[in-house]
Each structure stands twice: as C-alpha cells, then as structure tokens.
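In our numbering, the protein residues as written are 8 to 87.
Every residue, glycine too, gets a C-beta built ideally from N, C-alpha and C.
Notes follow once the structure below has been shown.
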C-alpha cells in the first residue's frame with residue numbers, strides 16, 4: 008500500500024487535485040486537521056482504495072467510487 012499523509016495547517020481546506028497529480032501511485036490518503044474537504048478530485052484516481060479523515064466536513068463524498076473506503080466522522084445528528 009502506498010499511503011500519503013496530508014496535514015492541513017493554516018487554512019481550513021486542501022485542494023486534493025494537487026494530491027492526485029503528485030501521487031498517482033497512492034492507494035491510501037490520510038488527511039489531518041482539515042475543516043472541510045472536497046472529495047470530487049479523488050473520484051477518478053485509478054489506484055485509491057481508502058481515504059481517512061477525522062475532522063473534516065466532506066463535500067461530494069457521493070462522487071467517490073464504491074471501491075474507495077471512506078473513514079470519516081459521522082455527520083452531526085439533528086435533535087429536531
């Protein structure tokens with residue numbers, strides 16, 4: 008497995024298009040400290056199997072192929 012760790016500092020988000028371009032052999036992506044992530048750029052990555060994030064609010068997670076395992080925080084529950 009070729010794992011990439013991305014630590015987001017001094018900004019709320021990261022542009023994952025750069026990660027896709029720089030790491031074409033990546034099979035796992037671990038993102039730390041991001042407040043928000045747009046996962047759409049990861050949808051076409053040919054080798055990616057797993058994405059881990061523990062704090063980010065996720066955008067476009069529905070665009071990820073079924074073969075990519077997403078480990079992320081549960082969305083907040085509404086008490087209404």
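A distance below 9 Å separates the beta carbons of residue 31 and residue 52. For residue 25, the uninterrupted alpha helix (DSSP H) segment begins and ends at 23-29. Annotation: the continuous beta strand (DSSP E) that includes residue 35 extends over 35-39. Taking the CA atoms as reference points, residue 59 sits about 11 Å from residue 65.
With respect to the C-alpha of residue 80, the residue from 72, 27, 38 having the closest C-alpha is 38. DSSP, reduced to helix, strand and coil, places residue 46 outside both helices and strands of the structure shown, so it counts as coil. CA-CA distance, residue 9 to residue 17, rounds to 26 Å.
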